[in-house]
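Visitor: Take this structure, written in C-alpha cells, and hold onto it; I'll ask about it next.
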Amino acid sequence: MDPRSADHLLDEPEGALDRLAEAAGASFPNLVRAREYTHAELGKRAARLEGIDSAVVLFGSWGREELTSESDDDWAVLDDAGETTLARARAVLGGADRDPGQQDLFGLSFSCDELVRNIGLDADTNTNLTRRMLLLLESRAVAGRAAHARCVGQVLDAYLGHGVRDFQPPRFLLNDLIRYWRTICVDFEGKRRSAQGDDPKYAARNAKLRTSRKVLFAGGLLPVLLCHMKEASEMPAFLTRQLACSPVDRLAAAFIQQQAVPEGVRAIAAYDRWIGLMGDPAVREELASLRQATRDESALFAQIREIGDDLQRGLLALLYETGLSPLTRWYGLF
Amino acid sequence: MVPALLSPISPRMSPHLTVGCSTGFMDEARGDWPELVRQAAAQAPFAVELAALSEPELPGLVRYLEGGPSLPFLYTSVHAPSKHRRIPELDLVNMLARLPRSIDAIVVHPDSIGDPRLYRPLGRRLAIENMDARKQAGQTAEELAPFFDELPEAGLCFDVAHAKSVDPTMEEGGRILEEFGDRLRHVHLSSLDENCHHVPLTEHDESLFASLLSRCRDVPWILEAPTTS
Numbered sequence: 186m187d188p189r190s191a192d193h194l195l196d197e198p199e200g201a202l203d204r205l206a207e208a209a210g211a212s213f214p215n216l217v218r219a220r221e222y223t224h225a226e227l228g229k230r231a232a233r234l235e236g237i238d239s240a241v242v243l244f245g246s247w248g249r250e251e252l253t254s255e256s257d258d259d260w261a262v263l264d265d266a267g268e269t270t271l272a273r274a275r276a277v278l279g280g281a282d283r284d285p286g287q288q289d290l291f292g293l294s295f296s297c298d299e300l301v302r303n304i305g306l307d308a309d310t311n312t313n314l315t316r317r318m319l320l321l322l323e324s325r326a327v328a329g330r331a332a333h334a335r336c337v338g339q340v341l342d343a344y345l346g347h348g349v350r351d352f353q354p355p356r357f358l359l360n361d362l363i364r365y366w367r368t369i370c371v372d373f374e375g376k377r378r379s380a381q382g383d384d385p386k387y388a389a390r391n392a393k394l395r396t397s398r399k400v401l402f403a404g405g406l407l408p409v410l411l412c413h414m415k416e417a418s419e420m421p422a423f424l425t426r427q428l429a430c431s432p433v434d435r436l437a438a439a440f441i442q443q444q445a446v447p448e449g450v451r452a453i454a455a456y457d458r459w460i461g462l463m464g465d466p467a468v469r470e471e472l473a474s475l476r477q478a479t480r481d482e483s484a485l486f487a488q489i490r491e492i493g494d495d496l497q498r499g500l501l502a503l504l505y506e507t508g509l510s511p512l513t514r515w516y517g518l519f
Numbered sequence: 505m506v507p508a509l510l511s512p513i514s515p516r517m518s519p520h521l522t523v524g525c526s527t528g529f530m531d532e533a534r535g536d537w538p539e540l541v542r543q544a545a546a547q548a549p550f551a552v553e554l555a556a557l558s559e560p561e562l563p564g565l566v567r568y569l570e571g572g573p574s575l576p577f578l579y580t581s582v583h584a585p586s587k588h589r590r591i592p593e594l595d596l597v598n599m600l601a602r603l604p605r606s607i608d609a610i611v612v613h614p615d616s617i618g619d620p621r622l623y624r625p626l627g628r629r630l631a632i633e634n635m636d637a638r639k640q641a642g643q644t645a646e647e648l649a650p651f652f653d654e655l656p657e658a659g660l661c662f663d664v665a666h667a668k669s670v671d672p673t674m675e676e677g678g679r680i681l682e683e684f685g686d687r688l689r690h691v692h693l694s695s696l697d698e699n700c701h702h703v704p705l706t707e708h709d710e711s712l713f714a715s716l717l718s719r720c721r722d723v724p725w726i727l728e729a730p731t732t733s
C-alpha cells in the first residue's frame, strides 16, 4: 500500500495510476501493460546507445509511457551532436514501420538553445513550439539523461525566469501551453483542408485529438495551475518533478486529491480502452482507411468518439466541478 | 432565448456542466418530436433524454431520428418503452439497435426485460436503470447484478429518486454506485410523490442527494420533471 497522502501524491504523482486503481478496486490493464512495455523498451534502447553524452530523446507515446508494439519512434538528438551520434541513433531508433510520424520534427537533431531563445514572435515557428512543448510534456531520454534534464531546465527557466509571483500560476508558460493545444487543434483543420478529403491520417489525427492529445494538454495544464500552491522559488522543482511523471499519473493524482475518484476511474478507464485500441494493428489499419466522408459510418470511430466524450467529461468534471474550478475559471480563459 | 437551466436555479445544479431534460414530462407535445426537442433545448442545450416510455411512441421517435434531424445536444439518450408493451422483445431490441450512432445511450427498465441476452446487440449504448420501490426487479444493487452479469457492456442509468424510494437513507443508492459506478452513463434527477411519480426536485431531496451526486460529476444529469412546480 502506498503510504503517501493525497496531497503528497499530488506533489509527486509517480504511481498515482496504481493508487487510483487501488482506491476504487478498478484496473487499467492496457495502460499498465503499455507502461511496463515502455520501461522495458526504453531500457533496451538505452543499453544500445550507452556511452552517448548527447541527449537522445523519445517523444510521443514513449514520453507518455503508453508505448504499444504499433507505436512510432519519434526521436531526436538535442543540440549539434555530430553525424556519428545521429547515425547510432538512427541504427537503434525508427526503421521499418517505426519511423517518426512527422519527418520534419523528429529523426534529426535540434538545438535546445533555439527552443529557449525563440519563444513567441515570428521566429517561434510551429516546429519550434511543438518541439519545446513536447520536450516538456512528453519526452524521455535514452541517452544523455543529464543533457536532457539540462535542456528541460533551460526551457522551464525561460518561462519562470521573469515575472513569476508566489502562489500564482506562471502565466507565460500557461499561455504557451494553451497556445500549443489550440495550435494543434487549428493545424488539424489546416491539414484537413490541404488534403481535400483524402488524407489517410485524418481519422487517426482526429482520434488522437479526442484522446492522447487531450490527456497531454490536461496533464500539462494541471501542474501549471497547481503552481498556485507554490512560492515562485518552488515552482521549477515542482514542475520538474511533475513533468518527469506520465500525464496519466498527474491526472490520477489530481482526481484522488480532489476526491473525485469515481470520475477519475471512469475517465481513465475510457483512456485505457483507447490505449487498448492503439495496440491493435487492425484498428490502425481501419483508421487509415477512414476519411471525413466515411468516418461517421464506422463502428470503430463511434467507439473512439464515445471514449473521447467519456474522457473529456471526466477531465471537465475535474477542472470545473472540484476545488480546481476557481483556478480553471480564473486562469483558463484570459 | 436563454435556456432556463442556465439561469442560477440552485447552487448544486448550476455548476454542473451537463444538465438536460427528459421529454417525458412535456405532456402537451407528446408525440411531436420536433416540438419536444425544441422545448428540451430551450430548457438546456447540452443533454436530452427522448422518452418513448409508452411503446406506441417509439416508432415515431425512430422515424424522426432516422430522418437525421440536426440536434443541438452534446449528449442524447433514448428511453426505451416500459409501458403498453406489445412488440415482441426481439423486434423491440432490433428497433432500438437501429437507432442512429448519434444516440449515446438507450435506457431500459430491468423489469421490462424478459431475456437479457437479447439486449446484447445494444452494446455499450444500453443503460439499465435502477427501479423505484413499486417495481418487481432492479431496485437494489443485488437485484441489478444479474442483468449486468448477462450484459457485460451495459451501463448504469442511476435514478437517484428511485434509490430514495427504495431506501430513504440513500445507503442502497450508495451501494449501487459502489457496485456499478464504473458503468455509470447518466443520472436521472427529480423527486417522487407518494405514488412514485416524478415531481420537481425539492430542496430537501437536493440536499439529501448531494453526497451521491458528488460521485457523478462527469456524467449528464437528466431532469425528469420541470425545475419548478
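Which chain is which? The protein sequence lines are A and B, in order. Letter by letter, the first sequence follows residues 186 to 519 in our numbering. Letter by letter, the second sequence follows residues 505 to 733 in our numbering. Glycine residues also receive a C-beta, built at the ideal position from the N, C-alpha and C atoms.
(1) Could you tell me the distance, in whole angstroms, from the CA atom of R367(A) to the CA atom of R398(A)?
(2) Pop quiz: I680(B) and A645(B) are said to be a contact at Cβ under 8 Å. What is the actual Cβ separation, rounded to whole angstroms?
(3) Below 7 Å between beta carbons: does that hold for P585(B) and E559(B)?
(4) Using the beta-carbon count (16 or more within 10 Å), is D495(A) buried or exposed?
(5) Going by DSSP in three states, R638(B) sits in which element: helix, strand or coil?
(6) Using DSSP with H/G/I as helix, E/B as strand and the rest coil, what is C370(A)?
(7) Considering only residues of the same chain and omitting the five flanking positions on each side of T513(A), which have a CB-CB separation below 8 Å?
(8) Within 10 angstroms of the Cβ of F519(A), are there 16 or more other Cβ atoms? Answer buried if so, exposed if not.
(9) By DSSP's criteria, L688(B) is part of a beta bridge. Which residues make up the other side?
(10) Spatial neighbours of V340(A) within its chain, please: CB distance less than 7 Å, with the 5 preceding and 5 following residues excluded, ordered by chain position.
(11) Measuring straight from C-alpha to C-alpha, what distance separates Q442(A) and D203(A)?
(12) In whole angstroms, give me the CA-to-CA distance for S483(A) and E539(B).
(13) If you draw a straight line from the alpha carbon of L521(B) to that of D608(B), how long is it in whole angstroms?
(14) Between the stretch 575-597 of chain B and chain A, which residues of the former have a C-beta closer than 9 Å to a C-beta of the latter?
(15) What separation, rounded to the nearest whole angstrom, lies between the Cα atoms of L293(A) and A658(B)?
(16) Specify the secondary structure class of E250(A) as computed by DSSP and reduced to three states.
(17) So, does the stretch 328-343 of chain A touch the stretch 230-249 of chain A, judging by three or more C-beta pairs under 8 Å?
(18) Hey, could you find the ends of the alpha helix (DSSP H) H179(A) is sitting in?
(19) Mind checking the stretch 364-385 of chain A against chain E and listing, in chain order, the residues whose C-beta falls within less than 8 Å of any C-beta there?
(20) In whole angstroms, give me the CA-to-CA distance for L271(A) and D258(A).
(21) Could you tell me if E250(A) is buried or exposed, where buried requires 16 or more neighbouring beta carbons within 10 angstroms of its beta carbon?
(22) Any Cβ of chain B within less than 7 Å of the Cβ of P466(A)?
(23) Taking Cβ to Cβ, would you say D636(B) is nearer than 7 Å to S669(B)?
(24) Using a beta-carbon distance cut-off of less than 8 Å, what residues from the stretch 674-692 of chain B approach chain A?
(25) Under the rule that 16 or more other beta-carbon atoms within 10 Å means buried, what is H690(B), buried or exposed?
(26) Secondary structure at C553(A), three-state DSSP: helix, strand or coil?
(27) Is there a Cβ of chain B sitting closer than 7 Å to that of R451(A), yes or no?
(28) If you check the beta carbons only, do V450(A) and A201(A) fall under 7 Å apart?
(29) Please report the straight-line C-alpha distance between A445(A) and T507(A), rounded to a whole angstrom.
(30) Could one say the Cβ of L521(B) lies closer than 7 Å to chain A's Cβ atoms, at least one of them?
(31) If you follow the beta strand (DSSP E) that T513(A) is part of, which residue opens it and which one closes it?
(32) Give a yes or no on contact between the stretch 402-420 of chain A and the stretch 374-383 of chain A, applying the rule of three or more CB pairs nearer than 8 Å.
(33) Give me the subset of the stretch 331-348 of chain A whose CB atoms are less than 8 Å from a CB atom of chain B, sorted by chain position.
(34) Assign E448(A) to one of two classes, buried (16 or more other C-beta atoms within 10 Å of its C-beta) or exposed (fewer than that).
(35) For P466(A) versus E255(A), is the C-beta spacing smaller than 7 Å?
(36) Taking C-beta to C-beta, are L243(A) and E226(A) nearer than 7 Å?
Guide: In short, the structure shows the following:
(1) 11 Å
(2) 5 Å
(3) yes
(4) buried
(5) coil
(6) helix
(7) L410, L504, Y505
(8) exposed
(9) L660(B)
(10) L300, V301, R317, L320, L321
(11) 14 Å
(12) 30 Å
(13) 17 Å
(14) L578, Y579
(15) 48 Å
(16) coil
(17) yes
(18) Residue numbering for chain A in the displayed model covers 186 to 519; residue 179(A) lies beyond these limits and cannot be assessed.
(19) The displayed structure is made up of protein chains A and B, and chain E is not among them.
(20) 14 Å
(21) buried
(22) no
(23) yes
(24) L681, G685, D686, L688
(25) buried
(26) Summary: the structure shown does not reach residue 553(A), with chain A confined to residues 186 through 519, and so no result is reported for it.
(27) yes
(28) no
(29) 8 Å
(30) yes
(31) Segment 510-516 is the alpha helix (DSSP H) holding T513(A); no beta strand (DSSP E) there.
(32) no
(33) none
(34) buried
(35) yes
(36) no
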